[in-house]
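Enquirer: Please see the structure below; I have some questions.
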Amino acid sequence: MNFNGYIRPQGKFGIRNHVLILPASVCASTVAANIARNVPGCVALNNVFGCCQVGADATQSVRTLVNTAANPNVGAVLVVGLGCEGLEPLPMADAIAKFGKPVQVLVIQKEGGSVTAEARGIAIARELADTISRQGREPIDIAELILGLECGGSDTTSGLAANPALGVTSDLLIALGGAAMLSETTELIGAEHVLTRRAVNDAVKEKLLKIVHDCEERAKSMGVDLRGSQPTPGNIAGGLSSIEEKSLGCIHKAGTTPLMGVLEYAEMLTGKGMYMMDTPGQDVVSMTGMAAGGAQVTVFTTGLGTPAGHPIMPVIKATGNHGTFTRMSDNIDIDLGGIIDGTLTIEDAGQILFDEMLAVANGKLTKAEELGHTEFSIYRIGPTF
Amino acid sequence: MAQAVIIDRLDNVATATAELQRGDVVELPGYSITIAENISFGHKFALCAIPVRGQVVKYGESIGRATADIAPGAHVHVHNVESLRGRGDLA
């Protein structure tokens, strides 16, 4: 089975053809947004960090930004820096250039300020957009797709309907040779023993248990009850009583295939099959990590409804709560409420999600794309100094 | 349309898939439960008596511990179930 996508260097395949305007730091984000706004085909991400970060935290932020630019949905990149930030724009551009796609750099302090930098940036962005617009879609084996699995604004229908349906979708894609990425380590707490039964070997099992243990210990080390944040007030209103219940519903997204490996946050996926990425349970932070990991598309199940998208990765929303679909049809692509009222099987719902994923891979816009939702948030693991 | 669903045969709670009223009788595989209080869509009720400190089981797995005796048909939620994970407040 094929989809029509974009062939990138180094054996990567995209489903979108964006010029990414990438601010190295918060100080460059407004200029980056103004450039993107003026050139069709360009999208900026909103980086609110990028300076006065140290150690593993700085490394993780750089990895997230560079690997987002490396995602095959990006055809070309313009890195915009202020010029004095800690996450330096020139090395960042060099790191991105190693992936073989066109990269340019713009430094605001060298250009003499926002107005001249934006004018110069628009000129560069226009050239990049012109260059990559000449590339057409070509048939690509569906085995090249990496599907991100996300759930957010969960209620009890998430675990009963939409997540099991997405599990079927994951299984279908993996049976065809593709890959999928589970995330949100917080939402494995209380369900890790179920997932570890599927680990392909002991090393994967131990790594999975370690990330869950570390996540739980971080909450405990703050001397607080995780229930202050997880489940969220909305989850509780929707009927979820504990993190264990939320987690046991959450992992249904991952279907039934063996767990092949555990990735660090924003680490690039190179294998096939089901992987777990170590991300927080916060949806936007999680999707930011998975897109950096190489996911070209995410299916996002929701019970209560949520608008979140991503700058370069299409996000398909599905709900098992028909009332939510009706209330938030602006934001939600697929209604799987039939599972709850008995008119739709989980298997058929999984096929519906698969078909939608394929349509989006072929170019169909998601509602999040149509509405310009480009949420982006890096997982910080250290303080700002 | 089903009024509620049991996910695993080990479960001692069911999830309402409709708005249930006190006094409704819900027929489920192996159970006939009289609903003890109004249960909102998506919320849970007990299938059997769950003693205080007993495990609350859904998906065939523990989702927490009862903080009070829970009668069959009663609402099971944060007022009578506590998570056992991520509890820095208990350390």
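Line by line, the protein sequences are chains A and B.
Here the first sequence is numbered in the numbering used here, starting from 667 and rising by one per residue.
Here the second sequence is numbered in the numbering used here, starting from 213 and rising by one per residue.
Glycine is no exception: its CB is placed at the ideal position from the N, C-alpha and C atoms.
1) Does chain A have any CB closer than 8 Å to the CB of Ala214 of chain B?
2) Would you report the Cα separation of Ile275 of chain B and Ser908 of chain A, rounded to the nearest angstrom?
3) Taking just the CA atoms, how far does Asp223 of chain B sit from Cys260 of chain B?
4) Identify which residue in A:Ser849, A:Val1026 and A:Val981 has its Cα closest to the Cα of Asp944 of chain A.
5) Helix, strand or coil, according to DSSP, for Gln267 of chain B in the structure here?
6) Provide the residue(s) that pair with Leu848 of chain A in DSSP beta bridges, ordered along the chain.
7) Under 8 Å by Cβ, that's how I've got Lys919 of chain A and Ser820 of chain A pegged, so tell me the actual separation to the nearest angstrom.
8) Express the C-alpha separation of Asn997 of chain A and Gly856 of chain A in angstroms, rounding to a whole number.
9) So, under 8 Å CB-CB, Lys270 of chain B and Ile219 of chain B are touching, yes? Tell me the CB distance rounded to an integer number of Å.
10) Report the option in A:Gly721, A:Thr725 and A:Arg674 whose CA atom is closest to the CA atom of Arg682 of chain A.
11) Would you mind working out which of A:Gln719, A:Asn987, A:Cys718 and A:Glu793 sits nearest Ala742 of chain A, comparing C-alpha positions?
12) Could you give the distance in angstroms between the alpha-carbon of His291 of chain B and the alpha-carbon of Met926 of chain A?
13) Under a three-way DSSP split, which group does Glu853 of chain A fall into?
14) Hey, how far is the Cα of Leu748 of chain A from the Cα of Thr822 of chain A?
15) Hey, could you find the ends of the beta strand (DSSP E) Val950 of chain A is sitting in?
16) Which partner residues does Gly927 of chain A have in the DSSP bridge list?
17) Quick one: measure Cβ to Cβ for Ala1034 of chain A and Gly975 of chain A, integer angstroms, because I've assumed they're closer than 8 Å.
18) Can you tell me which of A:Leu688, A:Val870, A:Phe669 and A:Met667 puts its alpha carbon nearest to the alpha carbon of Glu977 of chain A?
19) Answer with buried or exposed for Lys912 of chain A, where buried requires no fewer than 16 other C-beta atoms within 10 angstroms of its C-beta.
20) Are three or more beta carbon pairs between the stretch 727-736 of chain A and the stretch 759-774 of chain A nearer than 8 Å?
21) Starting from Glu804 of chain A, follow the alpha helix (DSSP H) in both directions and report where the run begins and ends.
22) Under 8 Å, Cβ to Cβ, is there at least one residue of chain A near Ser244 of chain B?
23) Below 8 Å on C-beta distance, what does Ile275 of chain B contact in chain A?
24) In whole angstroms, what separates the C-alpha of Gly900 of chain A from that of Thr968 of chain A?
25) What residues of chain B sit near Gln896 of chain A, judged by a beta carbon separation below 8 Å?
26) Is His255 of chain B helix, strand or coil by DSSP?
27) List, in chain order, every chain A residue whose beta-carbon is nearer than 7 Å to that of Asp236 of chain B.
28) To be precise: take each residue of the stretch 793-814 of chain A, compare its Cβ to all Cβ atoms of chain B, and keep it if any distance is under 8 Å. Which residues remain?
29) Can you grab the Cα-Cα spacing for the pair Ala722 of chain A / Asn737 of chain A, in whole Å?
30) Any heavy atom of the ligand FMN inside 7 Å of the beta-carbon of Asp1021 of chain A?
31) I'd like to know whether the C-beta atoms of Val268 of chain B and Leu826 of chain A end up nearer to each other than 8 Å.
32) So, helix, strand or coil for Asn901 of chain A, using DSSP?
33) Identify the contact partners of Glu882 of chain A in chain B, using a Cβ-Cβ distance below 8 Å as the criterion.
34) Would you kindly report the start and end of the unbroken alpha helix (DSSP H) that includes Val866 of chain A?
35) State the beta-bridge partners of Glu910 of chain A as determined by DSSP.
36) For Gly960 of chain A, which option in A:Gly814, A:Thr992 and A:Ile1018 has the closest C-alpha, if you only look at C-alpha atoms?
Expert: This is what the structure holds:
1) Chain A, which has a Cβ nearer than 8 Å to the Cβ of Ala214 of chain B, makes this yes.
2) 6 Å
3) 10 Å
4) The candidate whose alpha carbon is nearest that of Asp944 of chain A is A:Ser849.
5) Correct three-state label for Gln267 of chain B: strand.
6) A:Met942
7) The Cβ separation is near 11 Å, so there is no contact.
8) Roughly 30 Å between the two C-alpha positions.
9) 6 Å
10) A:Arg674
11) Of the listed residues, the one whose Cα sits closest to Ala742 of chain A is A:Glu793.
12) When rounded, the distance between both Cα atoms is 39 Å.
13) helix
14) 46 Å
15) Looking at the DSSP string, Val950 of chain A is not in any beta strand (DSSP E); the run it does join, the alpha helix (DSSP H), is Asp949 to Ala958.
16) A:Tyr941
17) 3 Å
18) Correcting the residue identity first, residue 977 of chain A is Pro in this sequence and not Glu. Distances from the alpha-carbon of Pro977 of chain A to those of A:Leu688, A:Val870, A:Phe669 and A:Met667 put A:Leu688 closest.
19) buried
20) yes
21) That residue, Glu804 of chain A, is in no alpha helix (DSSP H); its beta strand (DSSP E) goes Glu804 to Asp807.
22) no
23) Gly856, Ser907, Ser908, Glu910, Glu911 and Leu914
24) 11 Å
25) Gly298
26) Correct three-state label for His255 of chain B: coil.
27) Chain A residues near Asp236 of chain B: none, gap ~17 Å exceeds 7 Å.
28) none
29) 22 Å
30) Within the structure as shown, the ligand FMN is missing, as the structure has no ligands at all.
31) no
32) Here DSSP, grouped into helix, strand and coil, assigns Asn901 of chain A to helix.
33) At a beta-carbon threshold of 8 Å, the residues of chain B lying near Glu882 of chain A are Arg297 and Gly298, ordered along the chain.
34) No alpha helix (DSSP H) contains Val866 of chain A, which DSSP labels as neither H nor E.
35) In the DSSP output, where bridge partners are listed per residue, Glu910 of chain A has none listed.
36) A:Gly814
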